[in-house]
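Q:
Number of protein chains: 2
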Amino acid sequence: MLTTACKDAIRAMIYIAKKQKNIDNFISIKEIANNLDLSFYFLSKILQKLVKDGFLESYRGPNGGVKLAKPMGDISLYDIILSIDGDDVFTQCILGFKECSDIKPCAVHEKWAPERERLYNLFKDTTLEEIEEEIEKKINIKL
Amino acid sequence: MLTTACKDAIRAMIYIAKKQKNIDNFISIKEIANNLDLSFYFLSKILQKLVKDGFLESYRGPNGGVKLAKPMGDISLYDIILSIDGDDVFTQCILGFKECSDIKPCAVHEKWAPERERLYNLFKDTTLEEIEEEIEKKINIKL
DNA sequence: TTTATTTAAGACTTTATACTCTTAAATCTA
DNA sequence: TAGATTTAAGAGTATAAAGTCTTAAATAAA
Ligand code: SF4
Ligand code: SF4
Numbered sequence: 015m016l017t018t019a020c021k022d023a024i025r026a027m028i029y030i031a032k033k034q035k036n037i038d039n040f041i042s043i044k045e046i047a048n049n050l051d052l053s054f055y056f057l058s059k060i061l062q063k064l065v066k067d068g069f070l071e072s073y074r075g076p077n078g079g080v081k082l083a084k085p086m087g088d089i090s091l092y093d094i095i096l097s098i099d100g101d102d103v104f105t106q107c108i109l110g111f112k113e114c115s116d117i118k119p120c121a122v123h124e125k126w127a128p129e130r131e132r133l134y135n136l137f138k139d140t141t142l143e144e145i146e147e148e149i150e151k152k153i154n155i156k157l
Numbered sequence: 015m016l017t018t019a020c021k022d023a024i025r026a027m028i029y030i031a032k033k034q035k036n037i038d039n040f041i042s043i044k045e046i047a048n049n050l051d052l053s054f055y056f057l058s059k060i061l062q063k064l065v066k067d068g069f070l071e072s073y074r075g076p077n078g079g080v081k082l083a084k085p086m087g088d089i090s091l092y093d094i095i096l097s098i099d100g101d102d103v104f105t106q107c108i109l110g111f112k113e114c115s116d117i118k119p120c121a122v123h124e125k126w127a128p129e130r131e132r133l134y135n136l137f138k139d140t141t142l143e144e145i146e147e148e149i150e151k152k153i154n155i156k157l
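Chains R and V supply the protein sequences, listed in that same order.
Letter by letter, the first sequence follows residues 15 to 157 in our numbering.
Letter by letter, the second sequence follows residues 15 to 157 in our numbering.
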């Protein structure tokens, strides 16, 4: 469904959003990796993409790190997925056909197309802000 | 979402079901591969799994090939996916957590869990028979 | 200005998936 | 029985994803 790089990216963004709600500092990637039990090396690589795509702002040197480059209500899970994995999940055919036309659809199009649409809407509608509120509301949330 | 091996498997099973509606012969893997524009070698490997799991019956020698081992109404897309890819798509966490309890869920569980359930039902409910009927009904179906 | 800290970038290694080929076994037909 | 056909099984190769490491650049603080 999603690559591990993408899953890690989402978890990191949630962590950043949660932390940023309180303090507006840059958060070091090492801290994020440690707290989420991820490889620092791997996470660094992943977050670089989000920086390039304008979802994170980064700063080097002591007290450096990353922070959200936009209001958390303006960053959706779709944005993160698109940045890391591309839009294949939302556009590709369930049977793997390269070209897909509604004129000559495959045998499961009627079943798959609406589901794919639901998936798109789900991720598009879910913002870091909403997730952050969910975390505040509940007690036992795994990060 | 699905591996290419799994997509190929589904396409092959649809092809077999469609053909078997008319004649009850064994269908050679070479014929399937040619018609679906797939590698004979790769497809052979993939279909072996479906044979082992009891969804296909195979026969060697001239006029040999494969045929459905069950009524096409008894083979769902879920069965095929399970046989080739395993059940990861239907059980795994969207954030990649190994263990997942409803007691301490992740921040997107409330959104993801129902969607995963829908996906499961969709594939579980869609049988080769239903797909075959869809193909008969429509004119321009890509195989 | 020197040293420590932190991200950026690219090379590199490992692992998993995708794909190919060869040989063996089963079966039909001449 | 000999030869052709077709799947089975396993080895082998190629490509992509995952993960690691090294060096450079930016910055802060001593
Ligand atoms: S029409 Fe069929 S082939 Fe095309 S995207 Fe839809 S499901 Fe896939
Ligand atoms: S509770 Fe969260 S971590 Fe567990 S499966 Fe659901 S979405 Fe994934």
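All C-beta atoms in this analysis are idealised placements derived from N, C-alpha and C, irrespective of residue type, glycine included.
Grouping DSSP H, G and I as helix and E and B as strand, with all else coil, what is Cys169/R?
A: Residue 169/R falls outside the range modelled here, since chain R spans only 15 to 157, and no answer is possible.
Q: In three-state terms, what does DSSP make of Ser42/R?
A: The sequence position of residue 42/R within the first sequence is 28, counting from 1. Correct three-state label for Ser42/R: coil.
Q: Heavy atom of ligand 2 less than 6 Å from the Cβ of Trp126/V, yes or no?
A: As a first step, residue 126/V is located in the second sequence; it is residue number 112 there, counting from the start. Within the cutoff, so yes.
Q: Should the region 141 to 153 of chain V be called in touch with the region 99 to 110 of chain R, which here means at least 3 C-beta pairs below 8 Å?
A: Touching, no.
Q: Return the chain-ordered list of same chain residues with a C-beta closer than 6 Å to the C-beta of Gly79/R, the five sequence neighbours on each side being excluded.
A: Position 65 of the first sequence holds residue 79/R. Closer than 6 Å at the Cβ level, and outside the excluded window around Gly79/R, lie Phe40, Ile41 and Ser42.
Q: Work out the CA separation of Thr105/V and Arg130/V for me, nearest whole Å.
A: If you number the second sequence from 1, residue 130/V lands on position 116. If you number the second sequence from 1, residue 105/V lands on position 91. If you take the alpha carbons of Arg130/V and Thr105/V, they lie about 8 Å apart.
Q: Whole angstroms is fine: what's the gap from Leu109/V's alpha carbon to Gly68/R's?
A: The residue labelled residue 109/V in the question sits at position 95 within the second sequence. The residue labelled residue 68/R in the question sits at position 54 within the first sequence. Computed Cα separation, rounded: 22 Å.
Q: Taking its Cβ as the centre, do 16 or more other Cβ atoms sit within 10 Å of Thr140/R, making it buried, or is it exposed?
A: Start at 1 with the first residue of the first sequence, and residue 140/R comes out as number 126. Result: buried.
Q: Could you name the residues of chain V that Leu6/R contacts, counting a contact when the two beta carbons are closer than 7 Å?
A: This structure cannot speak to residue 6/R, because chain R is shown only from 15 to 157.
Q: I want to check one thing, is the minimum distance from the CB of Lys20/R to the heavy atoms of ligand 2 below 6 Å?
A: By one-based count along the first sequence, residue 20/R stands at place 6. A small fix is needed here, since residue 20/R is Cys in this sequence, not Lys. Not under cutoff, so the answer is no.
Q: Can you name, in chain order, every residue of its own chain whose Cβ lies under 6 Å from the Cβ of Tyr73/V, other than the five neighbours on each side?
A: The count along the second sequence starts at 1 and reaches residue 73/V at position 59. Correct list, in chain order: Phe40.
Q: Expressed to the nearest angstrom, what Euclidean distance is found between the alpha-carbon atoms of Ile89/R and Ala19/V?
A: Along the first sequence, read from residue 1 onward, the residue named residue 89/R stands at position 75. Along the second sequence, read from residue 1 onward, the residue named residue 19/V stands at position 5. Rounded to whole angstroms, Ile89/R to Ala19/V spans 34 Å at the Cα level.
Q: Under 7 Å between C-beta atoms, does Met15/V make it to chain R?
A: The residue labelled residue 15/V in the question sits at position 1 within the second sequence. At least one chain R Cβ lies under 7 Å of Met15/V.
Q: On the premise that Leu82/V lies in contact with Ile153/V, defined as a C-beta separation below 8 Å, what is that separation, rounded to the nearest angstrom?
A: Walking along the second sequence from the start, residue 153/V turns up at place 139. Walking along the second sequence from the start, residue 82/V turns up at place 68. So it is not a contact: roughly 25 Å between Cβ atoms.
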